[in-house]
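Reviewing the structure listed below.
Protein chains: 2
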Amino acid sequence: MTYCCGILVRSGLVMIGDTRTNAGLDNIATYRKLHIFEKPGERIVALAAAGNLAVTQAVLSYLNEGIEDPETGEIKTLMEMPSMFKAAQLVGDAVRKVRTVDGPSLELSASGFDVSILVGGQIGGGRLRLFMVYRAGNFIEATEDTPYLQIGEHKYGKPILDRAVTYETELLDALKLGLISMDSTMRSNLGVGMPIDILTVERDALRADRNIRIEQDEPYFHNLREQWSTALRQAHLAIARPPYPPVDDGHDASVPLHRHSA
Amino acid sequence: MTYCCGILVRSGLVMIGDTRTNAGLDNIATYRKLHIFEKPGERIVALAAAGNLAVTQAVLSYLNEGIEDPETGEIKTLMEMPSMFKAAQLVGDAVRKVRTVDGPSLELSASGFDVSILVGGQIGGGRLRLFMVYRAGNFIEATEDTPYLQIGEHKYGKPILDRAVTYETELLDALKLGLISMDSTMRSNLGVGMPIDILTVERDALRADRNIRIEQDEPYFHNLREQWSTALRQAHLAIARPPYPPVDDGHDASVPLHRHSA
Numbered sequence: 001m002t003y004c005c006g007i008l009v010r011s012g013l014v015m016i017g018d019t020r021t022n023a024g025l026d027n028i029a030t031y032r033k034l035h036i037f038e039k040p041g042e043r044i045v046a047l048a049a050a051g052n053l054a055v056t057q058a059v060l061s062y063l064n065e066g067i068e069d070p071e072t073g074e075i076k077t078l079m080e081m082p083s084m085f086k087a088a089q090l091v092g093d094a095v096r097k098v099r100t101v102d103g104p105s106l107e108l109s110a111s112g113f114d115v116s117i118l119v120g121g122q123i124g125g126g127r128l129r130l131f132m133v134y135r136a137g138n139f140i141e142a143t144e145d146t147p148y149l150q151i152g153e154h155k156y157g158k159p160i161l162d163r164a165v166t167y168e169t170e171l172l173d174a175l176k177l178g179l180i181s182m183d184s185t186m187r188s189n190l191g192v193g194m195p196i197d198i199l200t201v202e203r204d205a206l207r208a209d210r211n212i213r214i215e216q217d218e219p220y221f222h223n224l225r226e227q228w229s230t231a232l233r234q235a236h237l238a239i240a241r242p243p244y245p246p247v248d249d250g251h252d253a254s255v256p257l258h259r260h261s262a
Numbered sequence: 001m002t003y004c005c006g007i008l009v010r011s012g013l014v015m016i017g018d019t020r021t022n023a024g025l026d027n028i029a030t031y032r033k034l035h036i037f038e039k040p041g042e043r044i045v046a047l048a049a050a051g052n053l054a055v056t057q058a059v060l061s062y063l064n065e066g067i068e069d070p071e072t073g074e075i076k077t078l079m080e081m082p083s084m085f086k087a088a089q090l091v092g093d094a095v096r097k098v099r100t101v102d103g104p105s106l107e108l109s110a111s112g113f114d115v116s117i118l119v120g121g122q123i124g125g126g127r128l129r130l131f132m133v134y135r136a137g138n139f140i141e142a143t144e145d146t147p148y149l150q151i152g153e154h155k156y157g158k159p160i161l162d163r164a165v166t167y168e169t170e171l172l173d174a175l176k177l178g179l180i181s182m183d184s185t186m187r188s189n190l191g192v193g194m195p196i197d198i199l200t201v202e203r204d205a206l207r208a209d210r211n212i213r214i215e216q217d218e219p220y221f222h223n224l225r226e227q228w229s230t231a232l233r234q235a236h237l238a239i240a241r242p243p244y245p246p247v248d249d250g251h252d253a254s255v256p257l258h259r260h261s262a
């Protein structure tokens with residue numbers, strides 16, 4: 001399993017990925033899922049990948065080595081793409097290329113052909129953008145209305161993003177909320193685990209701002225998890241108990257009760 | 001979609017179910033999913049059902065009208081079962097009976113044969129118990145270590161139960177936590193919706209304690225949702241921003257950065 005999220009706010013981009021890869025519960029390994037393609041001043045593009053590890057690794061190899069354009073014969077690599085839209089298209093092309101080779105045999109297995117990839121960043125004079133590429137190679141983009149995208153085990157970490165993240169959220173607050181989202185996911189799914197890779201990119205900087213691996217015992221993240229846990233406990237303790245009255249004595253017992261509250 | 005949960009604590013049992021049924025997003029209806037079989041002083045048994053509505057309604061009809069014992073020819077109804085274990089077995093028998101009739105044709109459709117049922121309550125001198133019956137008709141039981149069970153859209157509402165519910169939680173606190181769990185689920189999945197049916201049963205009372213439908217504008221639940229939302233906002237605002245330092249200037253830009261935190 002995997003959990004990665006990307007958050008696009010006015011001031012920049014956050015991308016976060018866990019590193020746990022598993023083939024069954026008895027075969028667990030650590031693989032980096034957040035990959036950065038950077039030439040400061042010209043481009044910063046980050047990929048976060050979920051799904052079959054063989055597929056995501058093959059996609060990355062194609063993006064590094066290049067994919068031949070069937071019309072021109074030209075070899076295109078991610079580092080040469082002139083825009084984020086073209087970069088997302090190239091990732092989609094790479095996904096389709098791997099699917100052509102590995103898809104049919106993977107579809108015969110239980111796991112199937114499974115991959116989804118976040119592509120975030122900025123190239124040259126273009127906008128800072130964030131896309132999610134599906135297994136079909138098509139993709140959607142984060143917008144001001146919906147400024148985050150998730151891949152992998154997305155449900156446990158979605159509520160905090162839903163409630164708290166807007167396009168106007170400050171970059172470091174977005175990072176903090178992404179880390180809370182990752183914490184919620186790791187608590188509920190053993191397939192998502194430490195260490196965590198994070199990237200922040202300031203809008204128009206065309207380079208990585210923060211590019212850090214958070215290890216198990218890193219003090220800030222450890223405190224964040226503790227504080228969040230404590231705050232949730234205090235939050236539910238602070239809510240009064242339900243005032244709903246008990247059932248009256250002597251009600252007709254043989255039929256289901258459908259008493260409605262006032 | 002559906003979300004129901006059952007929480008078994010030392011002092012009693014809580015069962016909560018939403019009422020939204022949908023066949024696609026354009027076909028939404030309200031159906032009660034929490035069903036109560038009660039004879040005060042003798043038995044209180046509650047069922048919460050998720051899955052194909054035709055299947056769960058057929059299961060309930062079998063439990064009301066009775067299932068013939070293939071060996072004795074005797075007709076057995078849920079209201080006659082002498083123990084909670086026998087009651088859960090009868091629910092499993094009813095699931096298998098419906099599967100015999102409807103399973104093969106349902107398996108040919110996209111939805112498949114899909115049902116899961118919580119069975120909670122107490123009969124005669126037996127213990128207060130809570131079971132989850134699977135589509136195969138087999139079942140598991142809640143224990144002191146894992147005092148809650150969920151069916152349907154379970155992921156969004158699981159973290160609060162995981163963090164806060166123990167076997168020693170007071171009955172009304174368990175109800176409150178179940179309502180927070182329901183709130184988290186309804187916020188994230190449109191297929192889970194108001195009104196909500198709740199049941200509380202005190203241990204050894206052999207009758208319903210609270211049996212209430214919470215409508216959209218019910219004041220306590222409305223306040224609980226507001227308070228929880230506010231508390232979550234305060235909780236993440238109270239956590240400091242990440243202190244991670246920016247990337248140094250002048251790093252080698254052509255290779256991915258793998259800087260590790262201290």
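Chains as they are written, first to last, in full-length UniProt numbering: chain X, 1 to 262; chain W, 1 to 262. C-beta: ideal position from N, C-alpha, C; glycine also. Given the structure is predicted, the values throughout are model-derived calculations rather than measurements.
**Prompt:** At least one CB of chain X closer than 8 Å to the CB of W/Lys86: is that the case?
**Reply:** The beta carbon of W/Lys86 sits no closer than 8 Å to any beta carbon of chain X.
* Asked: Counting only beta-carbon atoms, is W/Leu175 nearer than 8 Å to chain X?
  -> Cβ-Cβ to chain X under 8 Å: yes for W/Leu175.
**Q.** Residue burial classification, X/Leu8 (beta-carbon count within 10 angstroms, cutoff 16)
**A.** So X/Leu8 counts as buried.
If I measure Cβ to Cβ from X/Glu153 and keep anything under 6 Å in the same chain, skipping five residues before and after, which residues do I get? Closer than 6 Å at Cβ, skipping near neighbours: Met1, Tyr3, Thr185, Asn189 and Val192.
For the alpha helix (DSSP H) that contains X/Val59, what are its first and last residues?
Segment Leu53 to Glu65, the alpha helix (DSSP H) holding X/Val59.
**Prompt:** Could you give the residue range of the alpha helix (DSSP H) that holds W/Glu226?
**Reply:** Counting along the chain, the alpha helix (DSSP H) containing W/Glu226 begins and ends at Pro219 to Ala238.
- Message: For X/Leu232 and X/Leu118, what's the separation of their Cα atoms in angstroms?
- Response: A direct Cα-to-Cα measurement between X/Leu232 and X/Leu118 gives close to 30 Å.
Check the C-beta distance from W/Arg10 over to W/Gly121 and give it rounded, since I have them as a contact under 8 Å. Cβ atoms of W/Arg10 and W/Gly121 stay farther apart than 8 Å, at about 16 Å.
- prompt: Which two residues bound the contiguous beta strand (DSSP E) that contains X/Asp197?
  reply: For X/Asp197, the enclosing beta strand (DSSP E) begins and ends at Ile196 to Glu202.
* To do: Could you tell me if W/Asn207 is buried or exposed, where buried requires 16 or more neighbouring beta carbons within 10 angstroms of its beta carbon?
  => It should be pointed out that residue 207 of chain W corresponds to Arg in this sequence rather than to Asn. Label assigned to W/Arg207: buried.
query = Under 7 Å from any heavy atom of the ligand FAD, does the C-beta of W/Gly191 make it?
reply = This structure lacks the ligand FAD, and indeed carries no ligand of any kind.
ask   = X/Arg187 versus chain W: which residues are under 9 Å apart at the beta carbon?
value = Chain-ordered, the chain W residues with CB closer than 9 Å to the CB of X/Arg187 read Pro159, Asp162 and Arg163.
Exercise. Using only alpha-carbon positions, find the residue among X/Gln227, X/Leu90 and X/Gly125 that is nearest to X/Gly137.
Key: The shortest CA-to-CA distance from X/Gly137 to any of X/Gln227, X/Leu90 and X/Gly125 is the one to X/Leu90.
Classification of X/Val201 by the beta-carbon crowding that lies within 10 angstroms, buried from 16 upward: Counting every other CB atom within 10 Å of its CB across the protein chains shown gives X/Val201 a total of 16 or more, marking it as buried.
So with Cβ pairs under 8 Å, would you call X/Asp209 a contact of chain W?
Closer than 8 Å to some Cβ of chain W, the Cβ of X/Asp209 qualifies, so yes.
X/Lys97 at chain W interface by Cβ criterion, 8 Å:
X/Lys97 has a beta carbon lying at 8 Å or more from every beta carbon in chain W.
Checklist line | Neighbour flag for W/Arg135 against chain X, beta carbons, 8 Å | finding: Not one chain X Cβ lies under 8 Å of W/Arg135.
- Item | W/Leu232 at chain X interface by Cβ criterion, 8 Å | Closer than 8 Å to some Cβ of chain X, the Cβ of W/Leu232 qualifies, so yes.
W/Arg210, enclosing beta strand (DSSP E) - first and last residue:
Under the DSSP assignment, W/Arg210 falls in the beta strand (DSSP E) whose first and last residues are Arg210 to Ile214.
Partner residues on chain X for W/Tyr220, Cβ-Cβ distance less than 9 Å:
What W/Tyr220 touches in chain X, judged by beta-carbon distance under 9 Å, is Ala240, Pro242, Pro243, Tyr244 and Ser261, going in chain order.
Start and end residues, beta strand (DSSP E) containing X/Phe139: Residues Phe139 to Glu141.
> Where X/Thr77 and X/Phe37 are concerned, what is the direct C-alpha to C-alpha distance, given to the nearest angstrom?
Replying inline: If I take the Cα positions, the gap works out to 11 Å.
**Study point:** Beta-carbon spacing of X/Asp162, W/Arg187 below 8 Å
**Key:** Yes, the Cβ-Cβ distance between X/Asp162 and W/Arg187 is below 8 Å.
Whose C-beta lies closer than 6 Å to the C-beta of W/Gly6 among residues of the same chain, with five residues either side of it excluded?
Cβ neighbours of W/Gly6 beyond the five flanking positions: Met15, Leu118, Gly120, Leu130 and Leu149.
(Q) With a threshold of 6 Å on Cβ separation, who are the neighbours of W/Ala49 within its own chain once the five nearest residues in sequence on each side are excluded? (A) Within the same chain, W/Ala49 has close Cβ partners Lys33, Thr56 and Ile117.
Under the three-state reduction of DSSP, which class applies to X/Met81: helix, strand or coil?
-> In the three-state DSSP reduction, X/Met81 falls in the coil class, being neither helix nor strand.
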